[in-house]
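Note that UniProt numbering has the sequence shown beginning at 1, numbered continuously upward. So the structure is just underneath, and the comments pick up after that.
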Amino acid sequence: MAARDSAGDATGVDLPDEPMLTTPVEHWSLPADNTLAAECKWDGYRTLCGRLDDGAPVIRSRTGTDLLPAFPDVTAALAEQLPPSSLLDGVM
Numbered sequence: 001m002a003a004r005d006s007a008g009d010a011t012g013v014d015l016p017d018e019p020m021l022t023t024p025v026e027h028w029s030l031p032a033d034n035t036l037a038a039e040c041k042w043d044g045y046r047t048l049c050g051r052l053d054d055g056a057p058v059i060r061s062r063t064g065t066d067l068l069p070a071f072p073d074v075t076a077a078l079a080e081q082l083p084p085s086s087l088l089d090g091v092m
């Protein structure tokens, strides 16, 4: 999905079509060296968050819905703490 600014113009950043989704498992355990192999699924919004090339923050759901208005505190943190052209995939 091509990222667009508030005017609807393409920004030059191609966002993935959708975030990576979790895969259910019956049982899991940590390896002997205690590195994380899996994590529990917590309820929330699966999102792609980041900043476009022009520095504009972006928060999108896995279906492409703009979630910026729903998370003003996260929007401010993205603008302050991430460099332009950054993308995070996670659950909020």
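For glycine and all other residues, C-beta sits at the position ideal for the given N, C-alpha and C.
Less than 8 angstroms between C-beta atoms, sequence neighbours within five positions excluded: which residues of the same chain meet that for residue i?
i	result
Ser6	Note that Ser6 has pLDDT 49, beneath the 50 cutoff, so the model's placement of it is unreliable and no number is given.
Only counting the same chain, and skipping five residues up and downstream in sequence, which positions put a Cβ closer than 7 angstroms to that of residue i?
i	result
Leu78	Cys49, Gly50, Arg51, Pro57
Trp42	Val91
What are the boundary residues of the beta strand (DSSP E) that includes residue i?
i	result
Val58	57-61
residue 103	Nothing in the structure corresponds to residue 103, since the chain is present only between 1 and 92.
Any idea what DSSP makes of residue i, helix, strand or coil?
i	result
Met73	Before going further, note that residue 73 is Asp rather than Met in the sequence given. In this structure, Asp73 counts as helix in the three-state DSSP scheme.
Leu88	strand
Can you find the residues in the same chain that come closer than 6 angstroms, C-beta to C-beta, to residue i, ignoring five residues on each side of it along the sequence?
i	result
Asp33	none
Closest to residue i by CA distance: which of the options is it?
i	options	result
Arg62	Thr35, Val25, Leu88	Leu88
Pro83	Asp54, Val74, Met92	Asp54
Thr65	Tyr45, Gln81, Glu26	Tyr45
Val91	Glu80, Gln81, Phe71	Phe71
Could you check the C-alpha separation between residue i and residue j for me, to the nearest Å?
i	j	result
Ala68	Ala76	This sequence places Leu at residue 68; Ala is not what is there. Going from the Cα of Leu68 to the Cα of Ala76 covers about 10 angstroms.
Val25	Val74	31 angstroms
residue 94	Thr47	Because the chain here runs from 1 to 92, residue 94 falls outside it and cannot be looked at.
Ile59	Ser86	12 angstroms
Glu80	Pro31	36 angstroms
Quick check: does the Cβ of residue i come within less than 8 angstroms of any heavy atom belonging to the ligand HEM?
i	result
Pro84	Although the ligand HEM was asked about, the structure shown includes no ligands whatsoever.
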